[in-house]
Amino acid sequence: MMRGVVHHLLLTLRLNLRSKQALVYGYLVPIFFLLAFGSVFRSGSPRLMRQMGQLVTISVLGGACFGMPTGLVAERERGVWRRYRLLPAGIGALVGSTMIARFFIVGSAAIMQIVLARVIYDTPWPRHPGEFIIAFAFVAFAFLGMGLVIAALADNVPAVQALGQAIFLPMIMIGGVGVPLGVLPAWAQRVAGFLPGRYAVAALDSCFSAAHGISGSGFDLLALAVVGIAACIAGARLFRWDVGEKIDRSARWWVAIALLSWVAVGVAADFSGRLKPVADVHSGITQEQIDAINFSGLPADDDVVTPMAPADQQLGGPEKQRIDQLSARLDTWPPGRVESINQRVRNLVSAASVADILQDPLEGNIGRVVFEHLKSDIDTDQLEAALASIVLHPQEGTVVTTAPELGLGGNVAEDQIRDRDVLYAQKFLGKLLGKLSDGG
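Just so we're aligned, residue -8 is where the sequence shown starts under our numbering, counting upward by one.
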């Protein structure tokens, strides 16, 4: 039986590669979106770095909503699945091999997108390639499960297009997939929390630019797993072998169960505070405003205010151990992992300010660690805009006044932190732009 399933998998792959519709949905549509995104999102540096999670999600979503169900329904109309029913293999094995075949197709399309983005736009490779494969598997599992439900419900190929659009378009428009989450209105961001596309983009994005990879995306992966399991169960219960076979009315409740998994995920996200509005990092900040910031008169790196140790300074003994621990803790420090980039940068800069105001013995080294962490965790253009926001709008957002999790005890007045944050933000931004020497 296993040999038969493998044969069916290889046969399905060959048939998909011979199908014009499969090639269009599998490869041409992802290329179209890559070129479209490259034309629209030109200001990013590196280019398209912030959009790769969206692009890969669109690629999987297109294959799941249109490619796989179109193939399944077309085969059912030709009587292929009626013949499969006579085989000793069960429905799970046959449908599973079909989903695996589609996984290979959407996986190869994702690889194609990443390679083309690198060649055309010089987009960096995923920072965590191994974790990207894991995140991609969760995304594909969730969306292909939805494709299975579409194939079960659709009576013919045109019906696949209608049902697929009912899922594809909302995720593209208000689900944080086609339009970046940060530019959506608050109500749309809240709705996006009930759509799995938001969690797919977040999980994939963490593999491209975040220092911690998917270690900070546990909820996103869990949400995708829940949606995928519910969809696969519903699709299996609704599966039809023959075009004349009708779905029992009672069986249609499985569709409601699949959709309830979306609701459950959204409620859990809302309850845990994950659906708070996310501000676009570029809101209100223009390149002209960044260029107009004055960097003269800032304290030197070896001054008593906003000190920063040299990048190549070597520490030893307990001092090195403490700085290494603080650097590791920044990767999991909750204020340094909030979804809003602006707020995340404010929190991390505040950590350096707390150490400075409390006159920590290693305040200069802490300032350096925070700066290096910001550079490694956040895209350059996002970081520049967020630092400029602190300089230009010092009273926005919230600030951290104590950080015992980082080994920084004591409380500091909020107004002191905000004043010191401006100086640190100016210094960090000046170094990023090359307007201040990174040696002092």
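All C-beta atoms in this analysis are idealised placements derived from N, C-alpha and C, irrespective of residue type, glycine included.
DSSP state of P27 mapped onto helix, strand, coil:
Position check: residue 27 holds Ala in this sequence, whereas Pro was assumed. It is helical.
Go to F32, then tell me how far its alpha helix (DSSP H) extends in each direction, as first and last residue.
F32 -> no alpha helix (DSSP H), and no H or E assigned at all.
Helix, strand or coil: which one does DSSP assign to A101?
Helix at A101.
Taking Q417 and I284 to be in contact with their CB atoms under 8 Å, please state how far apart those CB atoms are, rounded to whole angstroms.
Contact flag correct, Cβ pair sits at about 7 Å.
Using the beta-carbon count (16 or more within 10 Å), is W459 buried or exposed?
With the chain represented from -8 up to 431, any question about residue 459 goes unanswered, as that position is not in the structure.
Under three-state DSSP, which class holds A126?
helix
Determine the direct distance from the alpha carbon of D196 to that of V106, and round the result to whole angstroms.
Their backbone Cα atoms lie some 16 Å apart in a straight line.
Closer than 6 Å by C-beta to P325: which residues in its own chain qualify, once you throw out the five before and the five after it? Chain order, please.
none
Taking just the CA atoms, how far does L39 sit from I125?
21 Å
For L397 and E433, the rounded distance between their alpha carbons
Because the chain spans -8 through 431 in this model, residue 433 falls outside it and cannot be assessed.
Short check: CB of G155 to CB of P21, under 8 Å?
no
With three or more beta-carbon pairs closer than 8 Å as the criterion, would you say the region 228 to 242 touches the region 157 to 175?
no
Give a yes or no on contact between the region 371 to 385 and the region 292 to 303, applying the rule of three or more CB pairs nearer than 8 Å.
no
Could you pull out every residue in the same chain whose Cβ sits closer than 8 Å to the Cβ of G425, ignoring the five residues on either side in sequence?
none
So G166 packs on G188, CB below 8 Å; how close in whole Å?
Your pair G166 and G188 checks out as a contact, with CB atoms roughly 4 Å apart and the cut at 8 Å.
Does the count of Cβ pairs from the region 253 to 266 and the region 381 to 395 closer than 8 Å reach three?
no
Starting from A394, follow its DSSP beta bridges and name the residues at the other end.
L399
Within a Cβ cutoff of 6 Å, which residues of the same chain sit near G136, ignoring the five residues on either side of it in sequence?
G219, A222, C223
In chain order, each alpha helix (DSSP H) run of at least 4 residues that lies wholly inside the region 118 to 200:
120 to 144, 148 to 165, 177 to 183, 187 to 199
Should G358 be flagged as near chain C, meaning a C-beta pair shorter than 8 Å?
Going by chain labels, chain C is absent from the structure shown, which holds only one protein chain.
Which parts of the region 258 to 309 are runs of the alpha helix (DSSP H), unbroken and 4 residues or longer, counting only runs that do not cross its ends?
Taken in chain order, the complete alpha helix (DSSP H) segments of 4 or more residues contained in the region 258 to 309 are 278 to 283.
Cβ-based burial, S241 [other Cβ within 10 Å; buried from 16]
exposed
Would you identify the three-state DSSP class for T114, choosing helix, strand or coil?
DSSP places T114 in coil when its eight states are reduced to three.
Which residue wins for smallest C-alpha separation from R67, given the options N147, L52, G44?
N147
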